[in-house]
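In what follows, a single structure is set out as structure tokens and then discussed.
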Amino acid sequence: MRSRITLKTRFTLVAAGAVAAVALAITAVAFLAIRTDLQNQVRTEVAARADSVVHEARQYRGRIPDHWIPPHSSGFGVLTYTQLITADGEAWTPEGDTGLLEPSKAAIGVAAGKVAAFYAFAQVNGTQSMVLTAPLARGLAMQVAEPLTSTNLEVTSVGATLAILSAIGVFAATLLGWGVARAGLAPVSRLASVAEEVSLTGDPDRRVEVGRRDELGRLATTFNAMLGALQRSLTAQRRLVSDASHELRTPLASLRLNVEVLAENPEMPAAERQEVLSRVTNQVAELSRLVASVTDLARGEPPATDRSAVHLNAVVADALEAARRDWPKTEFTAYLAGGVVEGSAERLRVAVKNLLDNAAKFGPPEGPVRIRLAGGRLTIRDHGPGIPEDDLPFVFDRFYRALSSRSAPGSGLGLAVVREIVVGHGGTIAAEAAPRGGTIMRLTLPLMGAGQDPAS
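Numbering (UniProt numbering), first residue to last: 1 to 456.
Have a look at this one:
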């Protein structure tokens with residue numbers, strides 16, 4: 001079951017709980033320390049009274065009379081109470097008292113010299129007291145008691161004060177924790193709002209404001225980057241669908257027209273029928289190439305996990321072999337001394353094959369095409385009419401056709417596919433006019449290791 005407690009509430013509760021635990025520990029330590037200090041004060045007073053009893057007893061030089069009681073001893077109240085204990089267990093008490101402290105085995109042991117002096121808490125006449133039992137003379141011990149009434153009242157008052165202060169501290173910490181959590185989680189709230197808005201509207205144009213450099217700032221930056229990637233992907237997808245639907249409309253209409261001509265004229269002469277069938281075959285092939293190009297653009301680049309070391313020599317040789325099959329009249333000559341790059345061998349083969357097809361298609365029927373691969377640099381030169389200078393910046397755009405080549409077959413997607421693949425591999429592609437006519441395509445890819453790119 002999912003928790004309904006918000007992150008802000010959790011932070012507040014954690015802060016309050018932590019402060020409460022610390023406050024409880026501090027209060028307990030302070031309470032025990034104050035109580036011990038107050039009890040030590042009482043112990044000091046009891047010890048002082050015991051010293052005065054010893055001083056009074058010195059006049060007898062160890063021969064204390066029977067039932068002797070120190071001067072100023074009186075009934076127990078707010079003052080100390082003193083009684084003597086013999087080794088036989090008899091209690092000598094002030095006149096009028098019947099003995100407020102029952103002689104214990106330990107007290108008798110002190111009188112007999114078998115037990116050392118000790119402090120203890122005891123109920124004296126119904127009041128909690130601190131009692132010191134100490135030897136006074138041979139066979140005689142004294143017991144001095146002082147009530148803890150005022151001390152206990154002070155301890156209770158201090159405990160109540162500490163509890164109130166702790167409660168105030170926990171309350172203040174709760175408010176402070178809520179404020180800190182609210183301020184600290186503000187970027188997360190903004191991020192959640194943007195995410196909800198994008199989810200509802202399907203529009204990734206929104207961005208989260210980034211005004212910090214901590215982990216939340218990094219989260220917002222990463223979220224903005226994700227939205228940017230999503231926006232670019234959606235824009236590319238919409239543009240691709242729009243352009244593809246526009247470009248497919250014309251060849252499909254032409255194909256349909258030729259098929260209708262065949263269907264409506266069953267008695268068409270064989271020569272004319274063969275001509276129409278030839279046009280249909282060419283149009284189907286053109287549609288296949290167009291769909292393949294659109295598919296290549298829609299695929300995008302493979303994830304980094306699908307990449308591996310690719311030997312450019314093998315990639316170019318593969319594409320060259322396919323081009324020679326497709327363009328048997330074109331003379332392809334190649335010099336291959338390529339390096340190793342990281343990427344997709346299949347995608348790179350498609351890029352090189354498109355460049356070779358483009359050179360063969362726009363070159364003379366039997367004209368030469370020169371290929372040179374050195375390290376990570378591939379140069380392909382044809383001897384066709386060339387590309388007008390004004391068209392050079394646009395030849396890699398989708399569906400772009402130069403005015404001089406619009407009569408030639410093709411969809412205008414081949415070079416767009418090349419740029420998509422090359423840029424996805426961290427490389428560059430450029431077209432330029434050759435010195436004595438024709439076009440030069442220059443493709444550059446980053447090599448995996450240094451020193452692999454020989455001088456061209």
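Note that beta-carbon positions come from the ideal geometry of N, C-alpha and C, so glycine has one too.
Contact between the segment 34-48 and the segment 193-201: three or more CB pairs below 8 Å? no
Reducing DSSP to helix, strand and coil, say where Leu255 ends up. Three-state result, Leu255: helix.
Let me confirm a value: Gln59 is counted as buried when at least 16 other C-beta atoms fall within 10 Å, else exposed. Which label applies? exposed
Reference Leu373; option with closest CA among Val131, Ile421, Leu447: Leu447
Would the segment 139-146 count as touching the segment 44-57 if we require 3 or more Cβ pairs under 8 Å? yes
If you drop the 5 nearest sequence neighbours on each side, which residues of the same chain put their C-beta closer than 8 Å to that of Asn258? Val276, Arg279, Val280, Gln283
Ordered along the chain, which non-local residues of its own chain (more than five positions away) have a Cβ less than 8 Å from that of Thr12? Thr174, Gly177, Trp178, Ala181
Quick check on DSSP: helix, strand or coil for Ala18? helix
Cα-Cα, which of Gly169, Arg256, Glu260 is closest to Ile26? Gly169
DSSP three-state assignment for Met441, whether helix, strand or coil: Strand.
What does His425 pair with, by DSSP beta-bridge criteria? In DSSP, His425 forms no bridge with anything.
Could you have a look at Glu267 and say whether DSSP puts it in helix, strand or coil? Glu267 sits in coil when the DSSP states are folded into three classes, being neither helix nor strand.
Extent of the continuous beta strand (DSSP E) to which Val131 belongs: Segment 127-137, the beta strand (DSSP E) holding Val131.
Please give me, in chain order, every unbroken run of the alpha helix (DSSP H) with length at least 4 that falls completely inside the UniProt domain "HAMP" (182-235). Entirely contained in the UniProt domain "HAMP" (182-235), the alpha helix (DSSP H) runs reaching 4 residues are, in chain order, 186-201.
Buried or exposed for Pro388, going by 16 or more other Cβ atoms inside 10 Å? exposed
Would you tell me roughly how many angstroms separate the C-alpha atoms of Glu331 and Arg349, rounded to the nearest one? 20 Å
Once the 5 residues before and after Ile85 are set aside, which same chain residues still bring their CB inside 7 Å of it? Ala91, Pro103, Ala107, Ile108, Ala111, Ala141, Gln143
Along the chain, where does the beta strand (DSSP E) that runs through Phe121 open and close? 118-124
Beta-carbon proximity check, Pro70 vs Val53, cutoff 7 Å: Closer than 7 Å, so yes.
Between Leu230, Ala322, Leu443, which has its C-alpha nearest Arg206's C-alpha? Leu230
Closest to Ala23 by CA distance: which of Asp390, Ile164, Glu272 is it? Ile164
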